[in-house]
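These protein sequence lines are chains Z and G, in that order.
Residue 41 is where the first sequence starts when you use the numbering used here, and the numbers rise one by one after that.
Residue 325 is where the second sequence starts when you use the numbering used here, and the numbers rise one by one after that.
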Amino acid sequence: MSEPANPVSQQGPGGTMEHLDEMTCLLYAERQLDRARAQAVSAHAQDCASCRTLLRALERESRLLTRAMLEVDEPMPSRLAQFQERARQSFGWIWGLVLGLAATGVYALYTFIIEPWQVRLEQAGFGGTSLLSLFIFQGAFWKGWQSMVPFLEILAMLTLAGFAAVIFRRRLRRGSAMALVLAGLCAALALPAPATATEFHKGETYELAKDQTVKSDLFITGARARIDGTVEGDVFFFGQSIDISGHVKGDAIMFAQSVRVNGQIDGNIRSFANNLTITGTVTRNVLTFNEVLNLDSAGKIDGSLTSFAQSVGIDGRVARDLMLMVGETTISGDVQGEVRAKGRSMSIASSAQISGPVHFEGDNPASVSSGAKLGSPVQFTKMKHESQYMEGHYYVWRVIWTAAFILLGLVLFLLLPKFAAETVSAGERFGAPVGLGVLVFFGVPIAAIIACITVVGIPLGVLTLGLWMLCLFTAELIVGTVVGNWILGKSADTWGLIGRMAMGFVIVRIVYTPLARLHVIGLLVGLGIWMWGMGSIALAIYNRLQPGAAPSTMSGSMPPVSLPPQTTVGGIQPA
Amino acid sequence: MTETSEAVARARAGDAEAWGEIYREMGPAIFRFCRRALPTREDAEDATMEIFSKLWEGKLSQYDATRSFSAWLYRVAANHCWDILRRRKIRQDKETEDVDDVPLEHPDPNQLDRLIEQKSSEEVRRALDKLGARARMALVLRYYSDMSYDEIADALGVRRAFVGVVLLRARHELRHALEGKSALAVGGTS
C-alpha cells in the first residue's frame with residue numbers, strides 16, 4: 041500500500057492499516073481539495089479498497105440526498121397559486137370604494153367637528169390660528185415648551201440610541217446592545233446642565249411670601265402651595281391645592297384638587313382641577329376642566345371663559361365670551377360677550393347682565409329671572425336623547441368611519457408591513473396578547489400620568505399617552521386582521537394581509553355594533569377588543585426587542601477545529 | 325436570454341404580467357426549497373409567499389442581471405428561511421461548541437453503503453425532518469440548491485472552512501435519524 045504524499049491518512053487499529061478519514065473523503069468527493077491533496081487521496085484510494093468504498097458510499101449518499109430533495113412529493117398548495125394576481129384583482133374595486141368613503145369621512149370630520157370647534161375657539165379668544173399652532177406654538181395648554189427643550193433633547197438622544205440599538209441588534213449581542221444604550225444614556229446625562237430660566241420646587245408645601253419675587257417660570261410639585269408674592273413667568277403646579285393671592289405675570293397651568301385665585305394673573309389660566317374659585321383678576325383667558333367652577337362676585341376675567349365642568353357659577357365679570365359644556369350653569373354676574381352653553385340646566389339670575397347673544401342647548405329652557413339684563417332673548421335648543429341606533433344616518437356614518445379606519449390601517453400596513461405581520465401573528469396567540477393588553481391598557485396611562493407628575497417626565501408622559509392612543513385606535517384593526525386570517529387563512533403578502541384586515545375589520549364592526557347597545561356587554565366586548573389589539577402590538581414590540589443570535593456570532597463562538605491539513609478553503613478545485 | 329431572464333427583465337421594468345411568469349416558473353421550486361428547509365408545510369407556504377412578496381416590494385431591484393436568477397433567488401430564499409429559524413430561536417448555535425468532536429475517523433464503508441442501499445427517498449425526507457435546523461439547512465443548500473461552499477458559508481454565517489464540518493455533521497445526524505442509533509456517526513472503524 042502506497043502512502044499518500046501528505047499525511048491525509050489515519051492510523052488504523054494496531055497500526056496495521058492507514059485509512060483516509062471521512063472529512064477528507066467528503067471534501068474529496070465534494071471537489072473541495074486542492075489539486076495536490078486530491079491527487080494524493082486519489083492515489084491512496086486506488087490501493088485501498090476500504091477508502092474507495094467509503095468514497096463511493098459518500099457519493100451515493102450525496103446522490104440519494106439530491107434525489108430525495110428534488111423529487112416532487114407534494115403538489116403546490118392551492119393558496120400559493122398566483123396569490124399576488126388574485127389579491128390585486130380582488131381588492132382593486134374595494135380600495136376605490138374605501139378611499140371614496142374615507143375621503144367623505146375626512147371631509148365630514150373637518151366640516152362637522154374641526155371647523156365648528158375652530159370657530160368656537162376663535163370666539164373664545166384663542167385667535168384665528170390652526171389647532172396645531174394653538175396647541176404647540178402658541179402654548180395655549182403648555183407654555184413650558186421652551187423651557188423643556190433640554191429635556192426634549194435628552195429624550196431625542198435616548199430615542200436615537202434606542203433606534204441604533206434596534207438597528208444594530210442583529211450584529212450585536214444583547215450585552216453590546218445594552219452597553220450601547222447605556223453609553224448613550226450616560227452621554228446624555230453627562231452633558232452639562234443647560235442654563236434654565238425655570239425654578240423647580242418639590243416638597244410637601246411651598247410658599248412664596250408677599251415680598252418675594254420669582255423672576256422666572258415656577259414649577260411646583262407638592263401637596264400645597266401658596267403664592268403671595270410675584271412670579272414674573274408662568275406658574276406650573278401639580279399637587280393637591282394651590283392658592284394664588286399674589287401676582288403672576290405669565291400663565292397659570294395647574295393640575296390640582298383645589299385651585300383658588302385671589303390675586304392677579306396677567307396671562308391665562310389652564311386648569312385641570314376639582315374645584316376652581318376665582319376671586320381675583322385674570323387678564324387673559326380661562327380654560328378649565330373641573331367639577332365645580334366659581335367666578336366670585338369680585339372675580340374678573342378680561343378674556344373669555346371656556347369650561348367643561350359639572351357645575352359653574354358666574355357671579356363676577358367676563359369681558360368676552362363664555363363657552364360652557366356644563367351640567368348646571370348659574371349666571372348672576374356680567375358677561376360682556378356671547379354665551380354658548382350646553383348642559384342639563386341654565387339659570388340666569390336677576391343680577392345677571394349679558395351683552396351678547398345667549399345660546400343654550402339643554403333638556404329644558406333656561407330659567408331667566410325677570411330682572412336679568414340680556415342683550416337678546418335666550419336661544420334655546422332642545423337636547424336630543426333619542427337612540428342614535430334608530431337613525432339612518434348613524435349607520436351611514438358608521439360605514440364612513442369604517443372606511444376611514446380601513447384607510448388608516450392601509451397606510452399603517454404599507455408603512456410597516458413587517459411589523460404589521462408580526463403584530464397580527466402575535467394576536468393569533470390570543471392568551472398572551474390579552475394578558476399583556478390588560479397591563480398596557482391600564483398600566484401605560486397610569487405610568488404616563490406619573491411621569492407627568494414628576495415634571496421632568498412630562499414630554500415622555502405626553503409621548504407615551506400619544507402612542508397609547510394610537511395603539512387604541514389601531515387595536516380594532518389588528519383584531520380585524522386576525523379575524524380575517526381565521527376566515528381566509530394566513531397571508532404573508534402585505535396586500536393579502538391588508539385585504540384580510542379590511543374584511544375582518546368590517547366583520548368586527550358588524551358584530552360589535554349591535555352588541556354595543558347592550559351597555560355592560562358592549563363595554564366588555566369593546567374592552568376585550570382594545571386589550572387584545574393593544575396586547576398584540578405590545579407583544580410584537582417585545583418580540584422585536586428580543587435579540588436573536590446574530591449570524592456573525594456563530595463563527596465568532598466557534599472554537600478552532602482540526603481540519604485535514606491543506607484543505608482548500610478558497611474555492612472549488614478539480615480532483 | 326432564457327424565458328425566466330426575459331420575464332425578470334420585464335418585471336423590473338414594471339410589467340405586471342411578468343410577475344406571474346416568474347412565479348409560475350420559480351414558485352414550485354422555491355416552495356419545495358422552503359418545504360425542505362422549514363419544519364412544517366404551513367411555514368413553507370408562508371415563507372414562499374413572503375419571499376415573492378419581497379421581490380414584489382422591491383427586492384428584485386437588487387438582482388444582478390449578469391448572474392443566474394435562480395441561484396440568486398435561492399440565496400434570497402435561504403436567507404429568508406434562515407432568518408425565520410433565527411427569529412424562532414431554533415438555530416442551534418450550541419452545535420458549534422463541540423465541533424472538536426467532529427470525527428476524523430474512517431467509518432465502516434460497507435455499513436454506510438448498506439444503509440444507503442436500503443433507504444428510499446421518502447425515508448430520507450422523513451429523516452431530514454428530524455434534523456436540527458442548521459444541519460437540515462446545510463444539506464438543503466448543498467444538495468437541493470447546489471450552492472458552493474462559499475455561498476453556504478455566507479448563508480449560514482459560518483466560516484468557509486467550517487462548511488465541510490457542518491455538512492459532515494449533518495450527514496451524521498441524518499444517518500443517525502435513518503438508523504435510530506449513532507453507530508455510523510461515531511462508531512466506525514478506524
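Positions of the beta carbon are idealized from the N, C-alpha and C atoms, including for glycine.
{"Check": "Residues that Met-363(Z) contacts on chain G, provided the C-beta gap is smaller than 9 Å", "Outcome": "Residues of chain G passing the Cβ test: none, with the nearest at roughly 50 Å."}
{"Check": "Neighbourhood of Gln-129(Z) by C-beta, 7 Å cutoff - its chain only, sequence neighbours within 5 removed", "Outcome": "In this predicted model, Gln-129(Z) has a pLDDT of only 48, less than 50, meaning its place in the structure is not dependable; the value taken from the coordinates is given anyway. Same-chain partners within the cutoff: there are none."}
{"Check": "Neighbour list for Glu-101(Z) in chain G, Cβ cutoff strictly below 8 Å", "Outcome": "Leu-436, Ile-440 and Arg-495"}
{"Check": "Collapsed DSSP secondary structure at Gln-72(Z) in the structure displayed", "Outcome": "coil"}
{"Check": "Test item: CB-CB of Ala-392(Z) and Leu-364(Z) under 8 Å", "Outcome": "no"}
{"Check": "7 Å Cβ shell around Asp-268(Z) - same chain, five flanking residues per side excluded", "Outcome": "Leu-248, Ala-249, Lys-250, Ser-285 and Gly-286"}
{"Check": "Meets three-Cβ-pair contact criterion under 8 Å: the region 513-526 of chain Z and the region 106-119 of chain Z", "Outcome": "no"}
{"Check": "Ala-401(G) versus Ala-479(G), Ala-485(G) and Glu-366(G), residue with shortest Cα-Cα distance", "Outcome": "Ala-479(G)"}
{"Check": "Buried/exposed call for Glu-244(Z), threshold 16 Cβ in 10 Å", "Outcome": "exposed"}
{"Check": "Classification of Asp-374(Z) by the beta-carbon crowding that lies within 10 angstroms, buried from 16 upward", "Outcome": "buried"}
{"Check": "Gln-280(Z) beta carbon less than 8 Å from that of Ala-296(Z)", "Outcome": "yes"}
{"Check": "Own chain, CB closer than 7 Å to Ala-395(G), minus 5 neighbours either side, in chain order", "Outcome": "none"}
{"Check": "Alpha-carbon to alpha-carbon, Ile-476(G) and Leu-171(Z)", "Outcome": "Per-residue confidence for Leu-171(Z) stands at a pLDDT of 44, beneath the threshold of 50, marking its modelled position as unreliable; the derived number appears in the next sentence. Their Cα atoms are separated by approximately 58 Å."}
{"Check": "Local conformation of Gly-524(Z) per DSSP, three classes", "Outcome": "helix"}
{"Check": "Delimiting residues of the alpha helix (DSSP H) encompassing His-430(G)", "Outcome": "Unbroken run through His-430(G): none, as it is neither H nor E."}
{"Check": "Distance, Lys-255(Z) Cα to Gly-575(Z) Cα", "Outcome": "47 Å"}
{"Check": "Lys-378(G) versus Ser-472(G): straight-line alpha-carbon distance, rounded", "Outcome": "24 Å"}
{"Check": "Cβ-Cβ separation, Gly-544(Z) to Gly-524(Z) (assumed contact under 8 Å), whole Å", "Outcome": "3 Å"}
{"Check": "Burial state of Pro-554(Z), where buried means 16 or more other Cβ atoms lie within 10 Å", "Outcome": "exposed"}
{"Check": "Buried or exposed (CB count within 10 angstroms, at least 16 for buried), Gln-186(Z)", "Outcome": "Bear in mind that the predicted position of Gln-186(Z) carries a pLDDT of just 47, short of 50, making it too unreliable to give a figure here."}
{"Check": "Simplified DSSP assignment, three categories, for Asp-407(G)", "Outcome": "helix"}
{"Check": "Classification of Leu-386(G) by the beta-carbon crowding that lies within 10 angstroms, buried from 16 upward", "Outcome": "The sequence shown places Gln at residue 386(G), rather than the Leu named in the question. The residue in question, Gln-386(G), is exposed, as its Cβ has fewer than 16 Cβ neighbours within 10 Å."}
{"Check": "Test: His-500(G) CB closer than 8 Å to a CB of chain Z", "Outcome": "no"}
{"Check": "Under 8 Å between C-beta atoms of Glu-369(G) and Pro-485(Z)", "Outcome": "no"}
{"Check": "Contacts that Ser-531(Z) makes with chain G (C-beta to C-beta distance below 8 Å)", "Outcome": "Met-373"}
{"Check": "Endpoints, alpha helix (DSSP H) assigned at Leu-98(Z)", "Outcome": "89-110"}
{"Check": "Straight-line gap, Glu-462(Z) to Pro-115(Z) (C-alpha atoms, nearest Å)", "Outcome": "28 Å"}
{"Check": "Min CB distance Arg-557(Z) to chain G below 8 Å", "Outcome": "no"}
{"Check": "Proximal residues of chain G, C-beta to C-beta of His-84(Z) below 9 Å", "Outcome": "Correct list: empty, because the minimum Cβ distance to chain G is about 11 Å."}
{"Check": "Neighbouring residues, chain G, relative to Arg-119(Z) (Cβ below 7 Å)", "Outcome": "Glu-369"}
{"Check": "The alpha helix (DSSP H) enclosing Val-418(Z), as first and last residue numbers", "Outcome": "That residue, Val-418(Z), is in no alpha helix (DSSP H); its beta strand (DSSP E) goes 418-422."}
{"Check": "Under 8 Å between C-beta atoms of His-59(Z) and His-496(G)", "Outcome": "no"}
{"Check": "Complete runs of the beta strand (DSSP E) confined to the region 305-389 of chain Z [at least 3 residues]", "Outcome": "309-318, 326-329, 332-335, 345-354, 362-371, 379-382 and 385-388"}
{"Check": "Proximity winner among Trp-535(Z), Phe-348(Z), Ala-491(Z) and Ile-305(Z), relative to Asn-314(Z) (alpha-carbon distances)", "Outcome": "Phe-348(Z)"}
{"Check": "Lys-413(Z) to Arg-360(Z) span [Cα, whole Å]", "Outcome": "16 Å"}
{"Check": "Beta-bridge partners of Tyr-435(Z), as assigned by DSSP", "Outcome": "DSSP output for Tyr-435(Z) lists no bridge partner at all."}
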